[in-house]
Amino acid sequence: MKKHDIVIIADYTSSQPLSLAELIEITHLSSDFIVEMIEYGVIHPQGGSSAEWLFDLAHLKRIKAAQRLQRDLEVNMAGIAVVLDLIDEMNELETKLALLERHLIK
Amino acid sequence: MEYKDYYAILGVEKNASEDDIKRAYRRLARKYHPDVSKEKNAEEQFKNLQEAYEVLKDQEKRNAYNQLGNNWKSGQEFRPPPDWQQVAQFNRGNGQSFNAEDLGEFSDFFANLFGGGRAAGPRGHARQAGFNQRGSDQHATLSIMLEEAFQGASKTFQIQIPEVDANGNVRATVKTLKVTIPAGAEPGQRLRLAKQGAPGMGDAPAGDLYLEIAIAPHPFFSLQGQDVYITLPVTPWEAALGAEIKVPTLGGPVGMKLAGGAQSGQKLRLKGRGMPGKPHAGDQYAILQIHTPSAKTAEQRQLYEKMAETMPFNPREDWSI
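Chains as they are written, first to last, in this note's numbering: chain A, 1 to 106; chain B, 107 to 427.
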C-alpha cells in the first residue's frame, strides 16, 4: 500500500451543475430516457430547452435510482415516478417521526 | 473463495422450473432492492440475488453450476474442479446479458466460474490484452459534526480507492481528501469529483468519486431541513409562571422569554437560529417538556397536597367517566 502521497481537493462551494451531454456520459443512458423522466416530472432541471438544461447531483441520484428500478424491477416511467415520490415521502415521514420520538415522546 | 448456493439464495428447489426461478427472483428483488428495501443488508442480499438469477436463468450456466454437484454447502471453501475452464469457456461463448459494470459487483465465486468480476486474476477472461474498461465509480461518506455543518469547515479524510494491477490483483490506494464544507451543509449533500474514482483498464478513463455528507447525531439538537430542534425541559413553576431561559443554539446561547401558562409539547420558535442558508437561515424550535420533581420529603409532599387543594384542576374533564 502506498503512503498518503495523493491529495484530492474537494470543494463543495464550487460544485458545478451538469449539462445533458455530461449527464449522458456519466449515466450511459439515452437522452430519451432522461427526456422521459422530465416529461413525467420525475426531475425538474433548470433551463428551458434541452440545450440549456442543467442538472444537479440530486437529479443524478434520482436518475440512477430510476435506472436501477427500470433494470432490476422492470418498472416503467409512470411507476418510477410513483415509487420515487413515495420513497421521498417515506423518508420525510421517517425524519419527522424520529424527531417526534426524540423530542416529544419520552 | 466461498461456495454460493444459488438455489438457496432464490429459495427454490434444485428442480425448479424457469418460471419458478423468475417468480422467486421478482418477489425477492422487490423485497431487497436497495432503492425500496428497509431490510438489513439489502444491498448485499440484492447482489447475491442478481448473481444467483444470472446463473440460474441461463440454462447453460445453470447446467454448468449443477455439475459442481450437490455436496457443497453455502460458505464452504471452494476451488473450481480442474476441468472447469472448458465448461466456463464454452459457456461464455453464448450471449451474456450482464454488462461489465454488473460483473464488477459479483462475487469471486461467480468470477472464477463464469469469468469477469473484480478478482478474476490473470486467468480471468475479462482481463484480456487490449481490454478497455472505465474504472468504477467510488462513493465515500464524509461524516461531520453538526457544528461543522453549521460553521463550515475544512477537513481532511483518508479514503481508499481500489486499483487493479497488471496481474488482476486488487489493491487499495490510500488518498488524502481535503474537503471544503460550506456553512449550512446538509446531510446527503453530494459532490462529484470527475475521474477521481478507480482507474480505468487499458485506455479507458477512471471512474468518478462521489462524496456525500453525513451529519453525526448531536446530543441535544436534531436537524429537519434547515430547522434545528431541541427539547427544552422546564419546571412546572417555570411553565406556570413564565421564565427567562438561556437556550443553546448552534450559534451560541440565546436568552428566551417563556410566557406563563405554557404546556408540554409546545413549540417555541427562535427565528433565524437554525442552519444558515439561502434565501434565509432556518429557525430553531424548542419543544417544551415539563419535568415534575418527585416529592421526596414530607414538606415537599405537603406542597403538592396544598396545590391540589388550592388549584382544583381536572385535565381529564373531557372524559365523562
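All C-beta atoms in this analysis are idealised placements derived from N, C-alpha and C, irrespective of residue type, glycine included. In this text, all values refer to a predicted model and were calculated from it rather than measured experimentally.
Give the interface partners of threonine 13 (chain A) over in chain B, defined as CB-CB distance under 8 Å, in chain order.
Thr286, Pro288
Collapsed DSSP secondary structure at tyrosine 112 (chain B) in the structure displayed:
helix
Could you name the residues of chain A that isoleucine 321 (chain B) contacts, counting a contact when the two beta carbons are closer than 8 Å?
Here the premise fails: no neighbours, minimum Cβ distance about 12 Å.
Cα-Cα separation between lysine 137 (chain B) and leucine 162 (chain B), rounded to whole angstroms
19 Å
Measuring only the C-alpha atoms, how far is glutamine 151 (chain B) from asparagine 172 (chain B)?
22 Å
Any idea what DSSP makes of glutamate 423 (chain B), helix, strand or coil?
coil
I'd like the ranges of any alpha helix (DSSP H) spanning at least 4 consecutive residues and lying wholly in the stretch 128-192 of chain B.
148-162, 165-172
If I measure Cβ to Cβ from aspartate 11 (chain A) and keep anything under 6 Å in the same chain, skipping five residues before and after, which residues do I get?
none
In the DSSP assignment, what residue or residues form a beta bridge with leucine 297 (chain B)?
B:Leu317
Comparing C-alpha positions only, which one of A:Ile80, A:Val42, A:Ala21 sits nearest to tryptophan 53 (chain A)?
A:Ala21
Of the listed residues B:Val118, B:Gly290, B:Gly361, B:Ala349, nearest to proline 385 (chain B) (C-alpha basis)
B:Gly290
For the structure I just gave you, are there three or more beta carbon pairs, one from the stretch 259-271 of chain B and one from the stretch 342-359 of chain B, closer than 8 Å?
no
Beta carbon of valine 118 (chain B) nearer than 8 Å to that of alanine 130 (chain B)
yes
Along the stretch 330-341 of chain B, what residues have a CB closer than 7 Å to any CB found in chain A?
Gln330, Tyr335, Thr337
Between aspartate 389 (chain B) and the rest of its own chain, which residues show a CB-CB distance below 6 Å, the 5 nearest in sequence each way excluded?
Asp333, Arg375, Lys377, Gly380
Amino acids of chain B, ordered along the chain, whose beta-carbon sits closer than 7 Å to that of isoleucine 43 (chain A)
Simply none; closest approach about 15 Å.
How about phenylalanine 212 (chain B) and methionine 107 (chain B): do their beta carbons lie closer than 8 Å?
no
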